[in-house]
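First up is the structure itself, then whatever we jot down about it.
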Amino acid sequence: MPDTHKTITFGIPCYNSSEYMDHCITSILEGSGFADDVEIVIVDDGSTKDDTLVKAQ
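Using full-length UniProt numbering, you'd call the opening residue of the sequence shown number 1 and step up by one each time.
Right, dumping it as structure tokens:
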């Protein structure tokens, strides 16, 4: 029997983009309702603002 468990992974590259992070994550979670599990990987490319990844947590 085939596995019907669906997992989707999103990768978000960011650089000083904390003001967009809430909307981005909310949009991903709302639009991925078909998946059983959602994984979001945020990759910071050396942001100079300290709040970029704190906002994502």
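Beta carbons are placed, not taken as given, at the ideal position from N, Cα and C, and that holds for glycine.
Only residues of its own chain outside the window of five on either side were considered, and among them A35 and D36 have a CB closer than 6 Å to the CB of K6, listed in chain order. DSSP assignment within the UniProt domain "Glycosyltransferase 2-like" (11-54) yields the following whole alpha helix (DSSP H) runs of 4 residues or more, N-terminal first: 18-31. Residue state for T9 is assigned as strand, using DSSP reduced to three classes. Taking a contact as a CB-CB distance under 8 Å, the pair S32 and V38 counts as one, their CB atoms being some 5 Å apart. Using a Cβ distance threshold of 8 Å, V43 and C24 do not count as a contacting pair.
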